[in-house]
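Working notes for the structure below.
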Amino acid sequence: MLDTWTIGKTNGNAAKTLKPNGLPPLASRCPEKRTIVWVGNVPIGGDASVVIAGPCSVESREQVMDTVYAVKQSGAVMLRGGAYKPRTSPYDFQGLGIDGLKILREAGDAADMPVVTEIMSEEDVELGCEYADMSQVGARNMQNFALHKQLGKTGKPILLKRGASATVKEWLSAAEYVLHGGNENVVLCERGIKTFDNSLRNTLDLAAVALVKEMTHLPVIVDPSHATGKRSIIAATAKAALAVGADGIIVEVHPEPEKAWSDGEQSLTFDNFADLMSSLRTPIRSVYLRQEMAVMA
Ligand code: PEP
Ligand code: MN
Numbered sequence: 001m002l003d004t005w006t007i008g009k010t011n012g013n014a015a016k017t018l019k020p021n022g023l024p025p026l027a028s029r030c031p032e033k034r035t036i037v038w039v040g041n042v043p044i045g046g047d048a049s050v051v052i053a054g055p056c057s058v059e060s061r062e063q064v065m066d067t068v069y070a071v072k073q074s075g076a077v078m079l080r081g082g083a084y085k086p087r088t089s090p091y092d093f094q095g096l097g098i099d100g101l102k103i104l105r106e107a108g109d110a111a112d113m114p115v116v117t118e119i120m121s122e123e124d125v126e127l128g129c130e131y132a133d134m135s136q137v138g139a140r141n142m143q144n145f146a147l148h149k150q151l152g153k154t155g156k157p158i159l160l161k162r163g164a165s166a167t168v169k170e171w172l173s174a175a176e177y178v179l180h181g182g183n184e185n186v187v188l189c190e191r192g193i194k195t196f197d198n199s200l201r202n203t204l205d206l207a208a209v210a211l212v213k214e215m216t217h218l219p220v221i222v223d224p225s226h227a228t229g230k231r232s233i234i235a236a237t238a239k240a241a242l243a244v245g246a247d248g249i250i251v252e253v254h255p256e257p258e259k260a261w262s263d264g265e266q267s268l269t270f271d272n273f274a275d276l277m278s279s280l281r282t283p284i285r286s287v288y289l290r291q292e293m294a295v296m297a
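In structure tokens form, the structure reads like this:
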């Protein structure tokens, strides 16, 4: 069956561009290497997992400044925040734009933390590179190939979120666009997919995280905030993400989630975030082994 994966065949150079198993060559697993993507002084994909935190949207200088110091204090190594917001409704807050980028840069510099922010269109790639250390491609833009081509020309790290309805192959194919453009600094991010179950905002596909770690050499992180939409289960799912091998997590944090201009229900307070960070330090539950019973007997 011809799926979107085989689309390369239509341009006549599939033999050159696709591996025999139909996987994209640049994103595919390479036995000699696992890629570490350096964002400023932060290695993503190395021995230790990383925690990226910050508000869904940049709302004010004070909000971002307060947040960056709070999350740094608890152990986050990078700041996130949206200046351009991909909102489902055109009547929802669309982001502060360039003013938001400036606030993020100021906060990142003040706290000495690299900054990741979403870039939604080709025209904003240059600005994004000027103000942020890493450009996020959001779920709604995962197949915006014009954007990928533009990002491929920059050497800047890219955080490529999985589209809410994208297969793993489509996700890796999107990564291939950036890699093919000459930019090797791609980090994948699982942020939940649409399924039949609507008990949560999305369904967190942790098996896909383990799978892409096996299929590619690229670092993979998890966004439990958008995956669940539910503050109370973010710590549990973040922990599960690290347990399946994610190279890090990206989490939404807000000084006053109940007043957030976007995604308040899934945003952690500073105290929630501190608790999350300490829970990530404790080991996962031990397994009750039969030998233990034998020893006790
Ligand atoms: C976000 O990170 O703020 C965001 C909108 O994420 P996603 O693209 O995963 O929905
Ligand atoms: Mn959000």
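Residue numbers (the numbering used here): 1 to 297.
Glycine included, C-beta positions come from ideal geometry on N, C-alpha and C.
Inset, instruction - Please report how far the alpha carbon of I36 lies from the alpha carbon of L218, in whole angstroms. - result: Counting from one through the sequence shown, the residue named residue 36 turns up at place 36. Counting from one through the sequence shown, the residue named residue 218 turns up at place 218. The straight-line gap from Cα to Cα measures roughly 8 Å.
Legend entry - Endpoints, alpha helix (DSSP H) assigned at Q103: Indexing the sequence shown from 1 puts residue 103 at position 103. Before going on, a small fix: residue 103 reads as Ile here, not Gln. I103 -> alpha helix (DSSP H) spans I98 to A111.
Legend entry - CB of E252 within 7 Å of CB of Q266, strictly: Counting from 1 along the sequence shown, the entry for residue 252 is found at position 252. Counting from 1 along the sequence shown, the entry for residue 266 is found at position 266. It is a contact, given that the beta carbons lie within the stated cut-off.
Legend entry - the stretch 120-140 / the stretch 91-101 touching (three or more Cβ pairs under 8 Å): yes
Legend entry - Cβ neighbour criterion (16 or more within 10 Å) applied to A241: Counting from one through the sequence shown, the residue named residue 241 turns up at place 241. A241 comes out buried.
Inset, instruction - Please list the segments of the beta strand (DSSP E) lying wholly inside the stretch 13-63, counting only runs of 3 or more residues, in order along the chain. - result: 37-39, 42-44 and 50-54
Inset, instruction - Please confirm whether G40 and C56 have their CB atoms less than 7 Å apart. - result: Translated into positions along the sequence shown, residue 40 becomes position 40. Translated into positions along the sequence shown, residue 56 becomes position 56. Contact flag unset, no.
Legend entry - Between the CA atoms of S232 and A207 - distance to the nearest angstrom: Here residue 207 refers to the residue found at position 207 of the sequence shown. Here residue 232 refers to the residue found at position 232 of the sequence shown. About 22 Å.
Inset, instruction - Tell me whether E32 is buried or exposed, calling it buried when 16 or more other Cβ atoms sit within 10 Å of its Cβ. - result: Indexing the sequence shown from 1 puts residue 32 at position 32. Under this definition E32 is an exposed residue.
Inset, instruction - In angstroms with no decimal places, state the Cα-to-Cα distance between I52 and T237. - result: As a working note, residue 52 is residue 52 in the sequence shown. As a working note, residue 237 is residue 237 in the sequence shown. Each residue's alpha carbon lies about 15 Å from the other.
Inset, instruction - Give the single residue among Q136, R29, G100 and T282 whose Cα lies nearest to the Cα of R191. - result: Translated into the one-based positions of the sequence shown, residue 191 becomes position 191. Measuring from the Cα of R191, the nearest candidate turns out to be Q136.
Legend entry - Residue from H254, K161, R285 and L268 with nearest C-alpha to T67: On the sequence shown, residue 67 is found 67 positions in, with the first residue counted as 1. Among H254, K161, R285 and L268, the Cα nearest to that of T67 is on H254.
Legend entry - G75 to G22 span [Cα, whole Å]: The residue you call residue 75 lines up with position 75 of the sequence shown. The residue you call residue 22 lines up with position 22 of the sequence shown. Rounded to the nearest angstrom, the two C-alpha atoms are 41 Å apart.
Inset, instruction - Measuring alpha carbon to alpha carbon, tell me which of W171, R80 and V244 ends up nearest P24. - result: By one-based count along the sequence shown, residue 24 stands at place 24. P24 has its Cα closest to that of W171, out of W171, R80 and V244.
Inset, instruction - Give me the Cβ distance between A210 and G163, rounded to the nearest whole Å; I'm assuming they're in contact under 8 Å. - result: Within the sequence shown, numbered from 1, the residue matching residue 210 stands at position 210. Within the sequence shown, numbered from 1, the residue matching residue 163 stands at position 163. The pair is not a contact, with the Cβ atoms about 19 Å apart (cut-off 8 Å).
Legend entry - Contact test: R191 Cβ vs ligand 1 heavy atom, cutoff 6 Å: Along the sequence shown, one-based indexing puts residue 191 at 191. Within the cutoff, so yes.
Legend entry - Option nearest D263 by Cα separation, candidates K156, T88 and A175: In the sequence shown, the residue the question calls residue 263 occupies position 263. Nearest option by C-alpha distance: T88.
Legend entry - Reduced DSSP category for V125 - H, G, I as helix; E, B as strand; rest coil: Within the sequence shown, residue 125 is the residue found at index 125, counting from 1. V125: helix per DSSP, three-state reduction.
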